[in-house]
Amino acid sequence: MSNIRITKQFSFETGHALYGYDGKCKNVHGHSYKLSVTVIGTPITDRNNVKFGMVIDFTDLKKIVKEEIVDQFDHATVFNETTPHIELAKELISRGHHVILVDYQPTSENMVVDFSKRIIGRLPEGITLFSLKLQETESSFAEWYASDNFKSIL
Numbered sequence: 396m397s398n399i400r401i402t403k404q405f406s407f408e409t410g411h412a413l414y415g416y417d418g419k420c421k422n423v424h425g426h427s428y429k430l431s432v433t434v435i436g437t438p439i440t441d442r443n444n445v446k447f448g449m450v451i452d453f454t455d456l457k458k459i460v461k462e463e464i465v466d467q468f469d470h471a472t473v474f475n476e477t478t479p480h481i482e483l484a485k486e487l488i489s490r491g492h493h494v495i496l497v498d499y500q501p502t503s504e505n506m507v508v509d510f511s512k513r514i515i516g517r518l519p520e521g522i523t524l525f526s527l528k529l530q531e532t533e534s535s536f537a538e539w540y541a542s543d544n545f546k547s548i549l
């Protein structure tokens, strides 16, 4: 049976700031992110399985990505917890804002690596994360490919 890639796209709004950055992104700002998640596997061949012919049900993939990324990051502000932004984060939290503290600079590059780990940990047996594309603006995006990270996945 052939390997088939399945892709599902997601959108969410997230704010962030890049501590120590020498441009405008040092200020708190937000993006309308678009995330494309591509998995690879072989379609189910058991004719008695309700998901016969599918690599993974799009609904099942949506549930994973929604729980691990969209529900957590949508309308949140992400700060690096190892910088002085922690003080701003604490203030926002005390005022009821949704803040996510991470141990990395919240760039698209680092976020897509974080997202890959979250998704890989939830995929069913026989389904592999093939790639992620995190689009920050209409013309700027970061991509993660399993083939580029084979050693770090093992």
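Heads up: the sequence shown begins at 396 in my numbering, then just goes up one per residue. The C-beta atom is built at its ideal place from N, Cα and C for all residues, glycine as well. These numbers come from a predicted model, not from an experiment.
query	result
Residue interval of the beta strand (DSSP E) (run including T532)	523-532
Beta carbon of F525 nearer than 7 Å to that of T433	yes
Test: M506 CB closer than 7 Å to a CB of chain D	The chain inventory of the structure shown lacks chain D, comprising one protein chain alone.
Endpoints, the beta strand (DSSP E) within which L413 is located	Note, L413: premise wrong, no beta strand (DSSP E); not H, not E.
Pairwise C-alpha distance: N443 and T437	16 Å
contact_flag[the stretch 481-497, the stretch 513-532] where n(CB pairs < 8 Å) is 3 or more	no
C-beta contact flag for S503 and L527 at 7 Å	no
Local conformation of V508 per DSSP, three classes	helix
Presumed contact (8 Å Cβ cut-off) between E350 and V497, rounded CB distance	The shown model of the chain, from 396 to 549, leaves out residue 350, and the question about it has no answer.
Through-space distance from F405 to V473, alpha-carbon basis	18 Å
Host beta strand (DSSP E) of K485 (start-end)	Looking at the DSSP string, K485 is not in any beta strand (DSSP E); the run it does join, the alpha helix (DSSP H), is 480-489.
Cut-off 8 Å between Cβ atoms - residues of its own chain near F453, not counting five sequence neighbours on either side	I401, K403
Pairwise C-alpha distance: Y499 and F510	13 Å
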